[in-house]
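Taking our numbering, the leading residue of the sequence shown gets 3, the next gets one more, and so forth. No residue lacks a Cβ here, since even glycine has one placed at the ideal position from N, Cα and C. Each remark here refers to the structure printed beneath this line.
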Amino acid sequence: MTGLEISPHVPIPTLIMAVFALTILVIGVWFRPSWQTRGARVELFLSFLSLAGVGACVIWSITQMGLNIQPDPSEMFVFDPLAAVSTILVALAAGAIILLSSTYLSSYRLPQAEYYALLLFSLSGCFLCFGSEHLLLLVLGIELATLPIVFLVGYDFERHSSSEAAQKALFAGALSSAVMLYGAAFLYGATGHLDFASLKVLLNPEQPLALAGLAFVFVGLAMKLGLVPFHQWFPDVDQGAPTSVSVYIVVCGMTTMVLVWLRLILHGLPEMQWLLTPVFLVLSIVTLFFANLMALFQRNLKRMLAWLAVAQLGTFMLAFAAHSPEAYSALIFYLGAQAVGMTGAFGIIMTTAEGGRERDRLEHFAGIARHRKVLAVAMTVFMLTLAGIPGMAGFWARWQLLSAVVAAGDLSFVVVQTLASVISLYICMRVPIVMFMREELEVSESFLPSTTELVVLLACVAVAFGFGLWPNPELPFEWGESLMGLLYFSVSG
3 MTGLEISPHV PIPTLIMAVF ALTILVIGVW FRPSWQTRGA RVELFLSFLS LAGVGACVIW
63 SITQMGLNIQ PDPSEMFVFD PLAAVSTILV ALAAGAIILL SSTYLSSYRL PQAEYYALLL
123 FSLSGCFLCF GSEHLLLLVL GIELATLPIV FLVGYDFERH SSSEAAQKAL FAGALSSAVM
183 LYGAAFLYGA TGHLDFASLK VLLNPEQPLA LAGLAFVFVG LAMKLGLVPF HQWFPDVDQG
243 APTSVSVYIV VCGMTTMVLV WLRLILHGLP EMQWLLTPVF LVLSIVTLFF ANLMALFQRN
303 LKRMLAWLAV AQLGTFMLAF AAHSPEAYSA LIFYLGAQAV GMTGAFGIIM TTAEGGRERD
363 RLEHFAGIAR HRKVLAVAMT VFMLTLAGIP GMAGFWARWQ LLSAVVAAGD LSFVVVQTLA
423 SVISLYICMR VPIVMFMREE LEVSESFLPS TTELVVLLAC VAVAFGFGLW PNPELPFEWG
483 ESLMGLLYFS VSG
């Protein structure tokens, strides 16, 4: 290195998040005695300080995207273009969630300093995962990302549902971590190494020990992600957690774990694709249909969105089964489209909360279009984005992903995905029908979005429409394929 040049093997975004999180904790403790008089101003400052930290990570990642960084087998971390794009995607979603959280936390009178600190600590773990080139560092990053989430889920400790959800999250997280570490021990016994470069060369699927280790690692990751049949904890935790935490789990947490799978498969296990493809296809079919069928019977909107998020995981598995640059570029864009839809939908739920009371059931949204037309239209846009309707960002992402699956020769699974999409469309249309065509059960005109909430929601609507009506819808995918070309791995179909 020369001058101020920083090595790509230093996890800069992780360090940035840790520094900002510690700073917020110190500020929170420092101003605690005078919180009654200066609390509102301090809380506003903390939210913008959190936003500044996330923005710094985005700026740093943008500066690193064009660099053709080669891996060093002796290093455990490398901030390559894939890590940069992953960081930008999750950081932007986290920034929107931070802006939505301030008013929501104030309405519930929840302390904000600890909330933002835990959120940033979790993000530091996410960013560490994105550049990991060693299985133990990857597990460490996952733990750093998920442990703060357990505390955030139980953050509203006065609510029994929040405490119960935290217990479930803790148990599921501990079990999945134990399974992953058990698999890592098997892989080390089979190869003598845990770095991705060595695993790519030395892993032999004919060794029973290697197969067992691989199975345990992927089961642990599937439990973290919430894939069927390892999904049991996910809807319960999402419903019981504060809504600002629910959206973080569904958007940032789930996106992080999908990108972790992407990095592990491309960098550590490219030669194992022939073995993994049938597994991905089975997981895709089971997850798509089971999660969509469960979402059909939900009256709680948070729980319905959680099941829809699980169903989307089935679509993401198709990209791993196709295993091509086109499929992976579509996957990254699809993650962005789903992040917009989920952030907006949960944002509407947070906006309608009043007096510390959640309005998260379908009947709570009955007839609100008569009094809150902007919120009703925005919610409709978000649900149509999640359904993948033409004209929305989710449509082009799904189209490109299914095109990649067809190119890989898996036409039958496109039919399965299409059938599942019809069920998803019916589920998503239930919300607009209730808002526009049902009588209002409880009249309440008191809930109004704050300025920051309104800005975030309108920005999400603009992104959903902008990428859905883009004059050249192929352009984002051309960028994605160019990104894949910058990476140093070879993807074979």
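For L205 and D197, the gap between their C-alpha atoms comes out near 11 Å. Partner residues in the beta bridge of F79, as assigned by DSSP, are S134. DSSP places G470 inside the alpha helix (DSSP H), whose first and last residues are 453 to 470. Here R111 is exposed, its C-beta having fewer than 16 other C-beta atoms within 10 Å.
One Cα belongs to V155, the other to Q241, and the distance between them is close to 10 Å. Within the same chain, D240, Q241, T245, S248, I351, D362 come within 7 Å of K304 by CB-CB distance, once the 5 residues on both sides are set aside. The beta-carbon separation of L413 and L91, rounded to 30 Å, does not stay under the 8 Å limit for a contact. Contact check between the region 16 to 30 and the region 115 to 122: three or more CB pairs, one atom from each, fall below 8 Å, which counts as touching. For the set F236, T65, I61, L24, the Cα lying nearest the Cα of L48 is the one of L24. For C430, the enclosing alpha helix (DSSP H) has its first and last residue at 413 to 439. In the three-state reduction of the DSSP assignment, D197 falls in the strand class. With a 10 Å radius around the Cβ and a threshold of 16 neighbouring Cβ atoms, R359 comes out exposed. For R363, DSSP records a beta bridge to N302. The Cβ-Cβ distance between V408 and V418 does not fall below 8 Å.
Per DSSP, I391 lies in no alpha helix (DSSP H) and is assigned neither H nor E.
Counting the other Cβ atoms within 10 Å of the Cβ of Y250 gives 16 or more, which makes it buried. Here H325 is buried, its C-beta having at least 16 other C-beta atoms within 10 Å. Taking all protein chains shown into account, R301 has fewer than 16 neighbouring C-beta atoms within 10 Å of its C-beta and is therefore exposed. With distances taken between CA atoms, F318 lies nearest to I287 out of I287, F292, M306. Listed in chain order, the non-local C-beta contacts of H162 below 6 Å within the same chain number zero, local neighbours out to five positions each way being set aside.
Apart from sequence neighbours up to five positions away, the residues of its chain that approach G55 with a beta-carbon distance below 7 Å are I18, M19, F22, L122, ordered along the chain.
In the three-state scheme derived from DSSP, where H, G and I count as helix and E and B as strand, S103 is classed as helix. For Q209, the three-state secondary structure derived from DSSP is coil.
V253 places its beta carbon 8 Å or farther from that of A355. DSSP places F188 within a helical segment (H, G or I) once states are collapsed to three. In the DSSP assignment, M352 falls within the alpha helix (DSSP H) that extends over 327 to 354. Taking every protein chain shown into account, the CB of F322 has 16 or more other CB atoms within 10 angstroms, so this residue is buried. The beta carbons of I429 and L310 sit about 7 Å from each other, so the pair counts as a contact at 8 Å. In the three-state reduction of the DSSP assignment, G30 falls in the helix class, which pools H, G and I.
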